[in-house]
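If you read the protein sequences in the order shown, they are chains F and D.
Taking this note's numbering, the leading residue of the first sequence gets 12, the next gets one more, and so forth.
Taking this note's numbering, the leading residue of the second sequence gets 12, the next gets one more, and so forth.
Glycine included, every Cβ here is placed at the ideal spot set by N, Cα and C.
To keep things clear, I will list the structure first and then write my remarks on it.
Protein chains: 2
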Amino acid sequence: MFVQEVIDTIITDSCGDFRLEKTCDKLICGNPDTKVTGIVTTYMATVDVIKQAVACRANMIITHEPTFYTGKDINDWLDSDELFAAKKKLIEENEIAIWRYHDYMHRAKTDRIYDGFMHEIEWDRKLLQNNRVYEINEVTLEELAEYLKQKLSMSTIQIVGNPHMKCTRVGILLGGGSLGLGREQMPMELMREEKLDVMICGEIMEWTLCAYVNDATMLGLNKGMIVLGHERSEEAGMKYMAHWLAPLVEGTMVTFIDAKEPFTYL
Amino acid sequence: MFVQEVIDTIITDSCGDFRLEKTCDKLICGNPDTKVTGIVTTYMATVDVIKQAVACRANMIITHEPTFYTGKDINDWLDSDELFAAKKKLIEENEIAIWRYHDYMHRAKTDRIYDGFMHEIEWDRKLLQNNRVYEINEVTLEELAEYLKQKLSMSTIQIVGNPHMKCTRVGILLGGGSLGLGREQMPMELMREEKLDVMICGEIMEWTLCAYVNDATMLGLNKGMIVLGHERSEEAGMKYMAHWLAPLVEGTMVTFIDAKEPFTYL
Numbered sequence: 012m013f014v015q016e017v018i019d020t021i022i023t024d025s026c027g028d029f030r031l032e033k034t035c036d037k038l039i040c041g042n043p044d045t046k047v048t049g050i051v052t053t054y055m056a057t058v059d060v061i062k063q064a065v066a067c068r069a070n071m072i073i074t075h076e077p078t079f080y081t082g083k084d085i086n087d088w089l090d091s092d093e094l095f096a097a098k099k100k101l102i103e104e105n106e107i108a109i110w111r112y113h114d115y116m117h118r119a120k121t122d123r124i125y126d127g128f129m130h131e132i133e134w135d136r137k138l139l140q141n142n143r144v145y146e147i148n149e150v151t152l153e154e155l156a157e158y159l160k161q162k163l164s165m166s167t168i169q170i171v172g173n174p175h176m177k178c179t180r181v182g183i184l185l186g187g188g189s190l191g192l193g194r195e196q197m198p199m200e201l202m203r204e205e206k207l208d209v210m211i212c213g214e215i216m217e218w219t220l221c222a223y224v225n226d227a228t229m230l231g232l233n234k235g236m237i238v239l240g241h242e243r244s245e246e247a248g249m250k251y252m253a254h255w256l257a258p259l260v261e262g263t264m265v266t267f268i269d270a271k272e273p274f275t276y277l
Numbered sequence: 012m013f014v015q016e017v018i019d020t021i022i023t024d025s026c027g028d029f030r031l032e033k034t035c036d037k038l039i040c041g042n043p044d045t046k047v048t049g050i051v052t053t054y055m056a057t058v059d060v061i062k063q064a065v066a067c068r069a070n071m072i073i074t075h076e077p078t079f080y081t082g083k084d085i086n087d088w089l090d091s092d093e094l095f096a097a098k099k100k101l102i103e104e105n106e107i108a109i110w111r112y113h114d115y116m117h118r119a120k121t122d123r124i125y126d127g128f129m130h131e132i133e134w135d136r137k138l139l140q141n142n143r144v145y146e147i148n149e150v151t152l153e154e155l156a157e158y159l160k161q162k163l164s165m166s167t168i169q170i171v172g173n174p175h176m177k178c179t180r181v182g183i184l185l186g187g188g189s190l191g192l193g194r195e196q197m198p199m200e201l202m203r204e205e206k207l208d209v210m211i212c213g214e215i216m217e218w219t220l221c222a223y224v225n226d227a228t229m230l231g232l233n234k235g236m237i238v239l240g241h242e243r244s245e246e247a248g249m250k251y252m253a254h255w256l257a258p259l260v261e262g263t264m265v266t267f268i269d270a271k272e273p274f275t276y277l
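Below, the structure written as structure tokens:
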């Protein structure tokens, strides 16, 4: 298969004939006419991911998030950048195509980042209400956080709230979704309307939901928050993609490479 | 003194006759004509901060960040909110005035959040270049992070980069400043232009500076990042405010109350 064929196959499988007028889902590097030797799926095409793709002879990387450090992969500000030059050289010398699969992934029949996350933490995807709300058997906030730490291979997890509070109604907002998607109060409105005990978040801001849950705790209300970060909350979606993509591109090797959490906790 | 007098005194001391047309520095609760019994300075007027203000008989809280969970303290979405009702009741029953001091604080002759931070970590404010760049005797990234942890009373700190890398040129972007102030690439441009080894950050996004430093590390470049979070990076500015405000409001008690980091690390 050629790069463009892989792209078209994935978009059609995700959204049928629907096409976005504006999207960040673009071929960031490489040529649509290149014959694909192997495909790597990952949260982010970091330097290490690219090196590992080369090592397993894949020449197409499908990345969920940007390659060049801004939301829209704008790179005019990187002309004289030493790091950009080195990363671009690595990509070009190895003739790697990098395609971003973000908007169509979230807009698929079911949001495919959530599909992968639910699969990874072994919660039944079908029981997810409104795509964002889940009901579990009662556990404490600390127990839920420890469960997620283990399932998502995290060394440290940030929570807000009383670790001993009871959780049954759980909201899930992965990646940048927990920033509110353009409406700062959205995660709090969801928490209130759905009577959630706890929100599992990707990326956060301290002055919105975090402050709300903190105040709720101080008032003795049963509210908590678990912060997974952007990468940990979305990586499982790209891992799961390797499973569903393989039969669509039969004959082409598909490998998931974990971009890994960027943080060290001291 | 009355609430409005305190506000006018602080703005004039910060910026002389200059006034912003649009600003979030508003009286969020209370009455401008109330006689001030005591002033509390804090990063955020959380429920616990309000209770502590009441306990020390202060009826005016000066907060750097929002009281009601959105950047502009919009509260039309909170009409039927149980938490909002309880917090508002606490404020009104105790006749507390809450004033936000944010924009004028950052725009003062010297940014007063940075003044307080530099004082807290015992670095000479006068040696800060371009308001954001600082040169120190060589230490490792881990040593610098440990120093900040201790000075800012943190239990856990997030870093990106090799803990053993050497740091001498240090960038400082506190609070929301490390988000780029409307230009995602700003922190990276600063890092490049000023040949910084490490950036000390407040609030961050994983796909911008964090990804840049992560890639740089993978390429063997000497770049690192320390994430303090929003609250820990700005609280010291509000602590320092209690010192410089006291002589301006002579006869009125001024107390700093630490809003404290909202996170528990598991």
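- For the options D:Ile168, D:Ile124, D:Leu89, the alpha carbon positioned closest to that of D:His113 is the one of D:Ile124.
- Within the same chain, Gly213 come within 7 Å of D:Gly188 by CB-CB distance, once the 5 residues on both sides are set aside.
- Taking all protein chains in view, the Cβ of F:Thr219 is crowded by 16 or more other Cβ atoms within 10 Å, so the residue is classified as buried.
- For the pair of segments examined, the stretch 35 to 53 of chain D was found to touch the stretch 100 to 110 of chain D: the number of CB pairs separated by less than 8 Å reaches three.
- Spanning the alpha carbons of F:Val224 and D:Thr263 requires a straight line of approximately 33 Å.
- Rounded to whole angstroms, D:Leu192 and F:Gly82 show a C-alpha spacing of 15 Å.
- Between D:Thr228 and D:Asn141, the C-beta spacing is not below 8 Å.
- With a cut-off of 8 Å on Cβ pairs, the stretch 120 to 137 of chain F is not in contact with the stretch 90 to 97 of chain F, counting fewer than three such pairs.
- CA-to-CA, the gap between F:Pro258 and F:Thr20 works out to about 11 Å.
- Within the stretch 176 to 209 of chain F, the runs of beta strand (DSSP E) that reach at least 3 residues and sit entirely inside it are, in chain order, 177 to 184.
- In chain order, Leu94 make up the part of chain D whose C-beta sits under 7 Å from the C-beta of F:Ala227.
- At a cut-off of 8 Å, the C-beta of F:Met199 has a neighbouring C-beta in chain D.
- By the Cβ rule, the stretch 149 to 156 of chain F counts as touching the stretch 233 to 251 of chain F, because three or more pairs are nearer than 8 Å.
- DSSP places F:Asn225 in the helix class (H, G or I) of the three-state scheme.
- Not flagged as an interface residue toward chain F: D:His130, since no C-beta distance is shorter than 8 Å.
- Along the stretch 176 to 201 of chain D, the positions whose C-beta sits under 7 Å from a C-beta of chain F are Glu195, Gln196, Met199, Glu200, read in chain order.
- Residue environment analysis places F:Gln196 among the buried positions, since at least 16 neighbouring C-beta atoms fall within 10 angstroms of its C-beta.
- At a cut-off of 8 Å between beta carbons, D:Gln169 contacts chain F.
- Residues Ile124, Tyr125, Phe128, Gly213, Ser244, Glu245 of the same chain have their beta carbon placed closer than 7 Å to that of D:Leu185, with the five preceding and five following residues left out of the count.
- The beta carbons of F:Ala66 and F:Gly49 sit about 11 Å from each other, so the pair does not count as a contact at 8 Å.
- In the structure shown, the three-state DSSP call for F:Gly235 is strand.
- Within chain F, the residues whose beta carbon sits less than 8 Å from that of D:His241 are Met216, Glu217, Trp218, listed in sequence order.
- By the CB criterion at 8 Å, F:Val150 and F:Cys178 fall inside the cutoff.
- In this structure, the straight-line span from the alpha carbon of D:Val47 to that of D:Met252 is close to 17 Å.
- Straight-line measurement puts the Cα of D:Phe267 at about 50 Å from the Cα of F:Ile61.
- When 9 Å is used as the limit between beta carbons, D:Glu157 is near these residues of chain F: Leu277, in chain order.
- Burial is judged here by how many other beta carbons sit within 10 angstroms of a residue's own beta carbon; D:Glu106 has fewer than 16 and is exposed.
- The residues Gly127, Phe128, Glu131, in chain order, have a CB closer than 6 Å to that of F:Ala247 in the same chain once the five nearest residues on each side in sequence are set aside.
- Residues of chain F with a Cβ closer than 8 Å to the Cβ of D:Lys98 are, in chain order, Asp226, Leu230.
- As the crow flies, the alpha-carbon of D:Tyr54 is around 9 Å from that of D:Pro77.
- Exclusion of the five residues before and after F:Ile102 leaves Cys40, Gly41, Ile61, Ile109 as the residues of its chain whose Cβ lies within less than 8 Å of its Cβ.
- Think of a sphere of 7 Å around the beta carbon of D:Cys40: no beta carbon from chain F falls inside it, the nearest being about 14 Å out.
- Think of a sphere of 9 Å around the beta carbon of F:Pro77: the chain D residues whose beta carbon falls inside it are Trp218, Thr219, Ala222, in chain order.
- Counting the other CB atoms within 10 Å of its CB gives D:Arg203 a total of 16 or more, which places it among the buried residues.
- In this structure, the alpha-carbon of D:Ile183 lies about 14 Å from that of D:Lys137.
- Close to D:Met55, with beta-carbon spacing below 7 Å, are these residues of chain F in chain order: Ala222.
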